[in-house]
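Enquirer:
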Ligand SMILES: [Zn+2]
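In the working numbering, the protein residues as written are 12 to 290.
Here it is as structure tokens:
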């Protein structure tokens with residue numbers, strides 16, 4: 012039986028908006044909201060944390076660790092991989108991991124590329140992660156996409172370099188709609204019965220459901236401003252604000268029908284391998 016791997020990409024959207032600090036600070040309140048729900052459900056999650064966020068809120072990172080959740084890397088300042096050389100990426104990872112360790116994190120073995128920016132062109136990142144002792148990455152969007160995508164990678168989790176696992180983000184199973192279903196705008200905006208169907212299908216085929224929620228996905232108090240990576244398109248920006256009140260309610264429904272797990276725990280299970288047949 013597979014499971015839904017629960018994750019929050021812990022970043023501050025204000026960091027990519029001009030004069031972002033004039034807007035309300037949302038990360039601590041939204042993170043605590045996630046933490047409260049995870050506690051209610053009795054589940055553990057993985058927080059992919061941007062180094063800069065860990066330096067800004069070390070006490071918040073402490074609360075995540077204290078609650079027994081897993082910390083993993085999400086880039087030191089959330090730079091997409093095609094903006095870095097291999098050497099720069101290595102240094103970025105070391106800074107990111109150090110920031111989490113300085114905030115109390117231990118046993119950091121996971122990585123998610125900002126904006127799922129690990130593609131065929133930046134596949135060198137897998138080698139570097141393995142070299143640095145990471146055991147898994149969840150950084151590939153295995154479909155064509157206007158931003159980043161690696162359709163040839165394939166939809167299944169597999170080992171890529173030096174034993175490192177790549178867990179590509181779960182796509183919608185409907186032909187012609189190869190979008191990552193379990194997080195962000197798609198989780199908020201698409202009809203929920205389609206999401207439940209796609210998640211059920213993934214679990215049936217023994218694939219983990221790869222999620223990606225953010226602090227802003229549940230932030231109903233955020234002021235209106237233009238989000239990054241949308242090319243200034245107002246109709247796309249409108250979608251950024253739709254369905255935020257539904258996210259935790261939808262997760263609550265999913266939690267009743269499908270097991271939730273942190274990434275590290277899932278990877279440890281894979282590495283342990285299937286039990287020896289007896290008799
Ligand atoms: Zn991110």
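The beta carbon of each residue, even a glycine, is placed where N, CA and C say it ideally should be.
1) Please return the same chain residues whose Cβ sits closer than 7 Å to the Cβ of residue 160, not counting the five positions on each side in sequence.
2) Suppose the cutoff is 7 Å on Cβ atoms and the five residues either side in sequence are ignored; what does the same chain contact list for residue 249 look like?
3) Among 136, 56, 105, 52, which has the Cα closest to the Cα of residue 91?
4) Tell me whether the region 177-190 and the region 108-119 touch, counting them as touching only if at least three CB pairs, one residue from each stretch, are closer than 8 Å.
5) For the beta strand (DSSP E) containing residue 18, list its first residue and its last residue.
6) Taking the continuous beta strand (DSSP E) assigned at residue 204, which residues delimit it?
7) Below 8 Å on the Cβ atoms is my guess for residue 56 versus residue 17; work out the distance and round it to an integer in Å.
8) If you draw a straight line from the C-alpha of residue 333 to the C-alpha of residue 34, how long is it?
9) Grab the span of the beta strand (DSSP E) containing residue 177 for me, first residue to last.
10) Since residue 96 is in the beta strand (DSSP E), which residue starts that stretch and which ends it?
11) Compute every distance between the C-beta of residue 20 and the non-hydrogen atoms of ligand 1, then say whether any falls below 7 Å.
12) Alpha carbon to alpha carbon, what distance is there between residue 199 and residue 257?
13) Start and end of the beta strand (DSSP E) containing residue 276?
14) Out of 24, 171, 25, 53, which one is the CA nearest neighbour of residue 272?
15) When DSSP builds the beta bridges, which residues end up paired with residue 160?
Expert: A quick look at the data gives this:
1) Cβ contact annotation for residue 160 (same chain, cutoff 7 Å, sequence separation greater than five): 130, 152, 154, in chain order.
2) Around residue 249: no qualifying Cβ.
3) Answer by Cα proximity: 136.
4) No: fewer than three Cβ pairs fall under 8 Å.
5) Where residue 18 is concerned, the enclosing beta strand (DSSP E) stretches over 18-21.
6) For residue 204, there is no enclosing beta strand (DSSP E); the enclosing alpha helix (DSSP H) has its first and last residue at 203-215.
7) That belief holds up - the Cβ atoms of residue 56 and residue 17 are roughly 4 Å apart, short of 8 Å.
8) Any answer about residue 333 is impossible in this case: the structure gives the chain only from 12 up to 290.
9) Residue 177 -> beta strand (DSSP E) spans 175-177.
10) Going by DSSP, residue 96 is part of no beta strand (DSSP E) at all; its letter is neither H nor E.
11) Annotation for residue 20 indicates a beta carbon within 7 Å of some heavy atom of ligand 1.
12) In a straight line, the C-alpha of residue 257 is about 7 Å away from that of residue 199.
13) Unbroken run through residue 276 is the alpha helix (DSSP H), 274-283; no beta strand (DSSP E).
14) Comparing Cα positions, the closest option is 53.
15) According to DSSP, residue 160 bridges with nothing at all.
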